[in-house]
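In my numbering, the protein residues as written are -10 to 154.
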């Protein structure tokens, strides 16, 4: 089960469960490990440790519980292509490879601008701020890579494949 680790962490976040489990791991018997707990609390603590898989039916600590929880956790999917340079949709670093940088910039351009839009510099900067704090560098890269062009008047920008007046 992918969320098995949550039960383990939740159990260990409880001070009584954590102390009892630690005592059991260090070799204490069930009675010594639960010393100081009322009978009702003792039952709840032991049930909690069993339910989390930290101990077996005889209250012996299970050495494999952490390995099992890790094995059950899903392996994060590593992004491929230009997506690997983004985290939460923002550029974390610019690729050193010119071809990879071109792919990343093309992705940004496709997400930031519509095909028939002509935007002034302020609007371009607002759109690019979603992707990187240094919008001037990002805008310059988009222009340098031929993805974004200035209008003839020099006051606006559009995607390069659009006819610009």
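Glycine is no exception: its CB is placed at the ideal position from the N, C-alpha and C atoms.
| query | result |
| --- | --- |
| Compute the beta-carbon to beta-carbon distance between residue 5 and residue 34, rounded to the nearest angstrom, for a pair I have assumed lies under 8 Å. | 5 Å |
| Please state the DSSP three-state secondary structure of residue 109. | strand |
| So, at 6 Å on beta carbons, what are the nonlocal neighbours of residue 127 in its own chain, with the 5 sequence-adjacent residues on each side left out? | 117 and 121 |
| With respect to the beta strand (DSSP E) encompassing residue 139, which residues constitute its N-terminal and C-terminal limits? | 137 to 139 |
| What is the rounded straight-line gap between the Cα of residue 50 and the Cα of residue 39? | 9 Å |
| Going by beta carbon distance, what residues of the same chain come within less than 8 Å of residue 139, once the five residues before and after it are set aside? | 132, 145, 146 and 153 |
| Note down the Cα distance separating residue 107 from residue 54, rounded to an integer number of angstroms. | 59 Å |
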